[in-house]
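Asks:
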Amino acid sequence: MTTFQTFSTDYSEAREKFLTAAHIAGATMAHHESGTRGPRGEALFADIAWLGPDDADRVVMTISGTHGVEGFCGSGFQIDWLRRKGAAALPRGVAALHVHAINPYGFAWLRRVTEEGSDLNRNFVDHTKPYPQNPGYEEIANAVVPSALSGPIFEAAEAKLRAYRAQVGELAFFRALTGGQYTHSEGLFYGGGGPSWSNRTTHAIIDRFLTRRTDIAILDFHTGLGPYGYGDLITHYEPDSPGSKRVHAFWGEAVTESKRGQGVSQALHGLTHFAYNEALSKARVTIATLEFGAYDRESNRRALRADHWLHTYGDPLSSEAEPIRATMRKQFYPDTDEWKEMMLFRGHQVVRQAFQGVTREP
765 MTTFQTFSTD
775 YSEAREKFLT
785 AAHIAGATMA
795 HHESGTRGPR
805 GEALFADIAW
815 LGPDDADRVV
825 MTISGTHGVE
835 GFCGSGFQID
845 WLRRKGAAAL
855 PRGVAALHVH
865 AINPYGFAWL
875 RRVTEEGSDL
885 NRNFVDHTKP
895 YPQNPGYEEI
905 ANAVVPSALS
915 GPIFEAAEAK
925 LRAYRAQVGE
935 LAFFRALTGG
945 QYTHSEGLFY
955 GGGGPSWSNR
965 TTHAIIDRFL
975 TRRTDIAILD
985 FHTGLGPYGY
995 GDLITHYEPD
1005 SPGSKRVHAF
1015 WGEAVTESKR
1025 GQGVSQALHG
1035 LTHFAYNEAL
1045 SKARVTIATL
1055 EFGAYDRESN
1065 RRALRADHWL
1075 HTYGDPLSSE
1085 AEPIRATMRK
1095 QFYPDTDEWK
1105 EMMLFRGHQV
1115 VRQAFQGVTR
1125 EP
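Count along the sequence shown from 1, add 764, and you get the number used in the numbering used here.
(1) Could you tell me whether the segment 983-991 touches the segment 1051-1058, where touching means 3 or more Cβ pairs closer than 8 Å?
(2) Three or more beta-carbon pairs under 8 Å between the segment 835-849 and the segment 993-1011, yes or no?
(3) According to DSSP, is residue 917 helix, strand or coil?
(4) For residue 781, does the count of other Cβ atoms within 10 angstroms reach 16, so buried, or fall short, so exposed?
(5) What are the start and end residues of the beta strand (DSSP E) that includes residue 791?
(6) Would you mind giving the Cβ-Cβ distance between residue 929 and residue 937, rounded to the nearest angstrom? I have them listed as a contact below 8 Å.
(7) Taking all protein chains shown into account, do 16 or more other C-beta atoms lie within 10 angstroms of the C-beta of residue 874, making it buried, or fewer, making it exposed?
(8) Given 8 Å as the limit, is there contact between the segment 863-880 and the segment 824-837, that is, 3 or more CB pairs closer than that?
(9) For residue 1081, count neighbouring Cβ atoms within 10 angstroms of its own Cβ and tell me buried if that reaches 16, exposed if not.
(10) To the nearest angstrom, how far is it from the Cα of residue 881 to the Cα of residue 1089?
(11) Pick out whichever of 992, 994, 1014 and 1026 has its Cα sitting closest to the Cα of residue 1003.
(12) Suppose you measure from the CA of residue 739 to the CA of residue 1063; what does that come to, to the nearest Å?
(13) Taking the beta carbon of residue 969 as the centre, do at least 16 other beta carbons fall within 10 Å, making it buried, or is it exposed?
(14) Measure the alpha-carbon distance for residue 785 versus residue 864 and round it to whole angstroms.
(15) I'd like to know whether the C-beta atoms of residue 977 and residue 823 end up nearer to each other than 7 Å.
(16) Using the rule of at least 16 other Cβ atoms within 10 Å of the residue's Cβ for burial, across every protein chain shown, is residue 805 buried or exposed?
(17) Figure out for me which residue from 819, 1117, 979 and 832 has the closest Cα to the Cα of residue 810.
(18) Please give me, in chain order, every unbroken run of the beta strand (DSSP E) with length at least 3 that falls completely inside the segment 969-1053.
(19) So the alpha helix (DSSP H) residue 804 belongs to, where does it begin and stop?
(20) Cα-Cα, which of 955, 908, 817 and 845 is closest to residue 826?
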C-alpha cells in the first residue's frame, strides 16, 4: 500500500481508515457521536486514539478537522503516523493522542463550520460575556453572503466589497472578513451563540485524557492559507512569554508568531489555542497550528461564500450543491501527490520535533 493511500475521498472512508489503523497500532479508543448525520445519512463521530502508558506525564497530541473540510489533511497524516510509526515511535514515558475529525459535520458535508454554523476556531470564547465586536464585518455582512450568486444582487455585493477594500486596505479588509464575528449566524467566520458540540467535546477530551499531564504538545492541522504545500507553524503566544520560548525551543525559527504581526492568519478571538491553554493552566502546554497552503485567499473567499449561500438560501441536497461542495473540497484539499508528499514530510518533521521537545522538558 502506498503512502498516499492514507488519504481518503470522504469522511466515512477517513474514519474507517483511522479506526482500522488505530486498532492495529493497539490504541485505546474513545468515540463521541455528534447526533447529526452526513449527506448519506451516516452517523458522525469524533474519534480519539491514545497510544502509550496511561500514566504518561508527557503527551503529544494531533487534531484533525477543526475546520471540517480541512480534515482530509490532518486525517491523512494521523493515519500515516499510526501505520508507519505507532507506539514503537514513542519515547519512554511519552504518549500520543490523536483526535480525528473534531468537527465531523464539517468534514462530512465539506464545510468549514460546525452543525451550528459556527467556526470552531472562533467559538472558544466566554459565551456568558459580551461577544467581541467586529464593526468592519457589520459594514459588509450583506455583501459577504448575498442572496444570489449571479445577477444584479451579486454584482452589487461585489461592488460593495471592492469599495470597502479600496477604502480600508488589504489588511483591514481581511481582518474584518476573517477575524471572527458574532452577529451574523449565516455569515463567514461566525463564532457562534454558545459552545458548539465540537467545543464541548474538546473539553470532554481534555478532562478525560489531559488534566493529569505535566507537558503537552498540541498540533492542530489546517489548510487553506499560505503558499501551495507549505506547512506554516503558527502560534498565538505573547512575545517572549514562556509559551513563546517553548515554541522556539521545540521548533526553532521555523515558527510564525501572530502576536508579532507575522503570517497571514487574522483570527483574534475564540481560538482552539486559547481553549487548551486556559483549561490546562497547570501544565506546560506548547500548541501550534500547522497550516498547509493550498490556493489563494480570493479563491477561498469565493468558495466559502458559495457554501454559506447554499446553506442559507439554497438546498444542500439539490443538484446545485454538488459543484459547490466539489469546489470546497478542492480548495481546502489539493488532491495531488506532490501536495500530499509535501504535507506528510512536514507533518512528520514537526511531530517528531514535538516528541523531542516534550522529552527535553524539565
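C-beta atoms are modelled at their ideal positions from N, C-alpha and C, and glycine is treated no differently.
Replies: The answer reads as follows:
(1) yes
(2) no
(3) helix
(4) Residue 781 comes out buried.
(5) It is not in any beta strand (DSSP E) - residue 791 carries neither H nor E in the DSSP assignment.
(6) 4 Å
(7) buried
(8) yes
(9) exposed
(10) 16 Å
(11) 1026
(12) Outside the shown range of the chain, which is 765 to 1126, sits residue 739, and nothing can be said about it.
(13) Looking at its Cβ environment, which holds 16 or more other Cβ atoms inside 10 Å, residue 969 is buried.
(14) Between residue 785 and residue 864, the C-alpha separation is close to 12 Å.
(15) Yes, the Cβ-Cβ distance between residue 977 and residue 823 is below 7 Å.
(16) exposed
(17) 832
(18) Those beta strand (DSSP E) runs which fall completely within the segment 969-1053 and span 3+ residues are 979-992 and 995-999.
(19) Segment: none, residue 804 is in no alpha helix (DSSP H) and carries neither H nor E.
(20) 845
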